[in-house]
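Enquirer:
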């Protein structure tokens, strides 16, 4: 079964998500931005979600993790929780 490790940043607006994505693409550290801005408890760990398999996350997030490019910041991804930036750190 496929497995992935990822980290994410959860915010309440698409505009904020895009602003943070631009900061990261401009050179800011993903984990630092997550600690400062993510409303998810994982933000304290730099957005780290650990390792998980398909179907363990909400469908929109799952699709981005298992179909998107590893190592590239993806998003905004809208879910019932808000807007996510995510980075797949590993997939097998």
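Numbering (the numbering used here), first residue to last: 2 to 93. Built from N, CA and C at the ideal position, the CB exists for glycine as well.
If the criterion is Cβ atoms closer than 9 angstroms, does the pair residue 7 and residue 66 meet it?
Expert: Yes, these two residues count as a Cβ contact at 9 angstroms.
Enquirer: Which residues does DSSP list as the beta-bridge partners of residue 74?
Expert: In DSSP, residue 74 forms a bridge with 88.
Enquirer: Let me check understanding here. Comparing Cα to Cα, which of 36, 46, 85 lies closest to residue 63?
Expert: If we check each option's Cα against that of residue 63, 85 comes out closest.
Enquirer: Buried or exposed, going by whether 16 or more other CB atoms sit within 10 Å of the CB of residue 12?
Expert: The residue in question, residue 12, is buried, as its Cβ has 16 or more Cβ neighbours within 10 Å.
Enquirer: Under a three-way DSSP split, which group does residue 43 fall into?
Expert: In this structure, residue 43 counts as helix in the three-state DSSP scheme.
Enquirer: Taking the alpha helix (DSSP H) that residue 34 falls in, what are its first and last residues?
Expert: 31-38 is the extent of the alpha helix (DSSP H) around residue 34.
Enquirer: Quick test of your reading: residue 5 and residue 82, contact by CB under 8 angstroms. State the CB separation rounded to the nearest angstrom.
Expert: So it is not a contact: roughly 18 angstroms between Cβ atoms.
Enquirer: Under a CB-based cut-off of 9 angstroms, is residue 32 close to chain E?
Expert: Given the protein chain composition of this structure (a single chain), no chain E is represented.
Enquirer: By DSSP, does residue 59 sit in helix, in strand, or in coil?
Expert: Here residue 59 sits in coil by DSSP.
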